[in-house]
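Novice: In this note's numbering, the protein residues as written are 138 to 225.
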Amino acid sequence: MDARKLIGWNLRKLRVERSLSQERLALEAAIDRSYVGRIERGEENVTISVLEDLAAALQVNVGSFFAEVDPAEPRPSPLKAGRKANGT
């Protein structure tokens, strides 16, 4: 898996684990929501500054985006569409 896809995979996994929408994560990291989607799809060559902002919003260290992925692990599921009860 190339680095952009690895970062995107781990970003989506961390975001979904925290029940954050792309919109909420983007708001907390002060970046555009569509940019979050492109990062998750491995379409963006993201800067370290953006990774730092995303890591801070997710309360993880930047190294979490580079964690090796088990090839047998299924792609992280998307969150259910619609507004969340807790406002996220």
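Quick reminder that beta carbons are idealized off the backbone N, C-alpha and C, glycines included.
Go ahead and label L148 buried or exposed: buried means 16 or more other beta carbons lie within 10 angstroms of its beta carbon, across all protein chains shown.
Specialist: Per the 10 Å Cβ criterion, buried.
Novice: Tell me the rounded alpha-carbon separation between K142 and G179.
Specialist: Cα to Cα, the separation comes out at about 4 Å.
Novice: Under a Cβ-count criterion, where at least 16 other Cβ atoms within 10 Å of its own Cβ denotes burial, should Q196 be classed as buried or exposed?
Specialist: Q196 comes out exposed.
Novice: L148 lies in the alpha helix (DSSP H); which residues open and close that run?
Specialist: A140 to E154 is the span of the alpha helix (DSSP H), which, as asked, contains L148.
Novice: Compare the C-alpha of N198 against each of D207, L188 and R212 and name the closest.
Specialist: Residue L188 is the option with its Cα nearest to N198.
Novice: Buried or exposed for N223, please, with buried defined as at least 16 other CB atoms from any protein chain shown within 10 angstroms of its CB.
Specialist: Legend: pLDDT at N223 = 49, less than 50; position of this residue unreliable, value from coordinates given subsequently. So N223 ends up on the exposed side.
Novice: Identify, in the order they occur along the chain, each residue of the same chain with its Cβ nearer than 7 Å to the Cβ of D190, setting aside the five sequence neighbours on each side.
Specialist: So the list reads A166, A167 and I168, once near-sequence residues are dropped.
Novice: Hey, how far is the Cα of L164 from the Cα of E205?
Specialist: Cα to Cα, L164 sits roughly 27 Å from E205.
Novice: Label E154 either buried or exposed according to how many other C-beta atoms from any shown protein chain fall within 10 Å of its C-beta, with 16 as the threshold for buried.
Specialist: Exposed, because fewer than 16 other Cβ atoms sit within 10 Å of the Cβ of E154.
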